[in-house]
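Counted the way the working numbering counts, the sequence shown spans residues 1407 to 1642.
In this text, a Cβ means the ideal position worked out from N, Cα and C, and glycines have one as well.
No experiment lies behind these values; they were computed from the predicted model shown.
Here the structure comes first, spelled out in structure tokens, and everything after it is commentary.
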Amino acid sequence: MSVPSRAAKVVRLFKSPDGHPNGLETAAEGFWIGEQTTDRAHLVDWKGKLIRSVETESSNTSGIAYGGGFLWMAANGRAIGRPPRPADATTGEIVKADPATGKTVARYPVPGGGGVHGLEYAEGTLWITSLQLQKLSQVDPKDFRVVHQIPVHLPRAHGLAWDRGAIWCMHSTDRVIHKLDARDGRLLEQITLSSEDPDPHGMCLWNGRLYYSDAGIAPGGGGNNSPWAGYVCRID
């Protein structure tokens, strides 16, 4: 059965402070940005003006969420673009951090192991891209127990955004965004990005509109040759 499908109209907004925004999340003040090479979390206003930054112990940051009073950083293995640090992950991990200081509160393995990209905090639970399983895992953030999983329809699931009982999932390689029923993973809608649009990585939803970021980095750690590397964008 066919599902509603449309081409994205992308509006470029601003560049992130460090230029490699792989995680994107909304907050009352604006956006939380997870930087892939510095592994900082930046809080910026809606126009990209920096409000504050915190150093985190994430590494190869590929996603960010904010909820329950904490930042949740997707540490996708060893760092790239900077010298190694003692706390760097060696495989995919979720780093729970204090949003005021960046201090690590706890670290958790990715359900199913392997790498991790997108995270989304919604209705008291945390959604995680379990890349090795080709699923989205919903966990209880108090003990990281998996309470639910749904399949994804394409590889390289990336940014996630909650939408009233559904979850949007960015598939970076295919440049497609799927809206999935959070109960069973049924495909409800899809949005397609063109090859000329900024490269898709992190994603979030605010007031009914999707936003995404171009990290400027391809799988494996090299540049993605995107002329819009570092940009945060809106889909109209």
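Between the alpha carbons of W1634 and G1608 lies a gap of roughly 14 Å. W1533 is the residue among W1533, L1586, T1462, D1620 whose C-alpha sits nearest the C-alpha of G1473. Comparing alpha-carbon positions, the option among A1621, I1597, E1602 lying closest to D1642 turns out to be I1597. Excluding the 5 residues flanking it on each side, L1560 has same chain C-beta neighbours closer than 8 Å at H1577, T1579, D1580, V1582, H1584, in chain order.
No residue range can be given for P1490, since it is assigned to no beta strand (DSSP E) and is classified by DSSP as neither H nor E. Residues of the same chain with a CB within less than 7 Å of the CB of A1572, apart from the 5 flanking positions on each side, are K1585, L1586, D1587, A1588, L1594 in chain order.
Pairing V1511 with D1494, the inter-Cα distance amounts to about 15 Å. For the 8 Å CB-CB criterion, E1526 and Y1514 do not form a contact. One thing to note: G1591 has its Cβ within 8 Å of the Cβ of I1556. Counting along the chain, the unbroken beta strand (DSSP E) around Q1555 starts and ends at 1551-1557.
Between A1567 and L1537, the alpha-carbon positions lie close to 17 Å from each other. The three-state secondary structure of L1616, taken from DSSP, is strand.
At least 8 Å separates the beta-carbon of V1545 from that of N1482. The alpha-carbon of Q1442 is positioned some 33 Å away from that of P1410.
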